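Peer 1: Would you mind keeping the following structure in view while I ask a few things?
See the structure below:
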């Protein structure tokens with residue numbers, strides 16, 4: 240799972256809310272690199288009108304041994320004036336075998352009108368979707384590898 244998470248310029252492959260993500264500065268996975276992420280949605284007040292929300296995110300730190308990365312918003316039109324997040328992949332064992340847990344923590348000055356519960360719920364739903372997509376990708380890769388071994 241770590242190779243999927245550390246691919247900083249391609250988070251849109253796993254985050255279904257994002258339509259676009261690409262590098263604008265530096266090399267993916269190197270501290271200091273910057274990615275542009277965006278999503279387009281309908282405006283609640285004007286159903287036919289669409290708006291693109293975007294953020295420039297800078298990779299602040301990556302620890303491949305601990306399998307974690309931290310990034311911050313350097314610019315956005317979402318309303319955040321401060322946003323720092325860390326994603327960490329932790330191993331765990333269950334009755335189904337070995338697996339991974341993604342921990343996504345953040346420190347943020349909230350957008351006006353938002354609540355902590357609302358933000359946690361929003362990020363949790365994104366993370367659940369990301370984990371499902373990553374798990375499906377890993378399972379498919381393992382199955383394809385098994386087919387080639389036969």
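In the numbering used here, the protein residues as written are 240 to 389.
For glycine and all other residues, C-beta sits at the position ideal for the given N, C-alpha and C.
Being a predicted model, the structure only gives us computed values, none of them experimental.
Does DSSP put residue 340 in a helix, a strand or coil?
Peer 2: To locate residue 340, count along the chain shown from 1; it is residue 101. If DSSP states are grouped into helix, strand and coil, residue 340 belongs with the strands.
Peer 1: Under the rule that 16 or more other beta-carbon atoms within 10 Å means buried, what is residue 297, buried or exposed?
Peer 2: The residue given as residue 297 occupies position 58 in the chain shown. So residue 297 counts as buried.
Peer 1: Can you give me the C-alpha to C-alpha distance between residue 353 and residue 259, rounded to a whole angstrom?
Peer 2: Residue numbering aside, residue 353 sits at position 114 when the chain shown is read from its first letter. Residue numbering aside, residue 259 sits at position 20 when the chain shown is read from its first letter. Distance between the alpha carbons of residue 353 and residue 259: 24 Å.
Peer 1: For the ligand GTP, I want to know if residue 374 counts as a neighbour, meaning its beta carbon is within less than 7 Å of at least one of the ligand's heavy atoms.
Peer 2: The ligand content of the structure shown is nil, which means the ligand GTP is not present either.
Peer 1: For the beta strand (DSSP E) that contains residue 257, what are its first and last residues?
Peer 2: Counting from one through the chain shown, the residue named residue 257 turns up at place 18. Counting along the chain, residue 257 falls outside any beta strand (DSSP E), and DSSP gives it neither H nor E.
Peer 1: Spatial neighbours of residue 372 within its chain, please: C-beta separation below 6 Å, excluding the five flanking residues on both sides.
Peer 2: Here the question's residue 372 lines up with position 133 in the chain shown. Around residue 372: 253.
Peer 1: When the distance is taken between beta carbons, is residue 313 closer than 8 Å to residue 250?
Peer 2: Stepping through the chain shown from its first residue, residue 250 is reached at position 11. Stepping through the chain shown from its first residue, residue 313 is reached at position 74. No, the Cβ-Cβ distance between residue 250 and residue 313 is not below 8 Å.
Peer 1: Where does residue 310 land, buried or exposed, given buried means 16+ other C-beta within 10 angstroms?
Peer 2: By one-based count along the chain shown, residue 310 stands at place 71. Its Cβ being crowded by 16 or more others within 10 Å, residue 310 is buried.
Peer 1: Inspect the beta-carbon positions of residue 291 and residue 307 and report whether they are closer than 8 Å.
Peer 2: Here residue 291 corresponds to residue number 52 of the chain shown, with the count starting at 1. Here residue 307 corresponds to residue number 68 of the chain shown, with the count starting at 1. Contact: no.
Peer 1: Hey, out of 330, 377 and 317, whose CA is closest to residue 396's CA?
Peer 2: Given that the chain is displayed from residue 240 to residue 389, the structure contains no residue 396 and the question cannot be resolved.
Peer 1: Count the other CB atoms, across all protein chains shown, that sit within 10 Å of the CB of residue 331; report buried if there are 16 or more and exposed otherwise.
Peer 2: Sequence index remark: in the chain shown, residue 331 carries index 92 (1-based). Exposed, by the Cβ-count rule.
Peer 1: Terminal residues of the continuous alpha helix (DSSP H) containing residue 243?
Peer 2: In the chain shown, residue 243 corresponds to position 4, counting from 1. From DSSP, the alpha helix (DSSP H) with residue 243 extends over 241-244.
Peer 1: Would you mind working out which of 257, 267, 255 and 263 sits nearest residue 242, comparing C-alpha positions?
Peer 2: Residue 242 sits at position 3 when you count from the first residue of the chain shown. Comparing Cα-Cα distances from residue 242 to each of 257, 267, 255 and 263, the minimum goes to 267.
Peer 1: Might you give, ordered along the chain, the residues of its own chain that have their beta carbon closer than 8 Å to the beta carbon of residue 263, omitting 5 neighbours on each side?
Peer 2: Your numbering for residue 263 matches position 24 in the chain shown. Closer than 8 Å at Cβ, skipping near neighbours: 273, 274, 275 and 295.
Peer 1: Hey, could you find the ends of the beta strand (DSSP E) residue 282 is sitting in?
Peer 2: Position 43 of the chain shown holds residue 282. No beta strand (DSSP E) holds residue 282; DSSP gives it neither H nor E.
Peer 1: Does residue 291 come out as helix, strand or coil in the three-state DSSP assignment?
Peer 2: Your numbering for residue 291 matches position 52 in the chain shown. Strand at residue 291.
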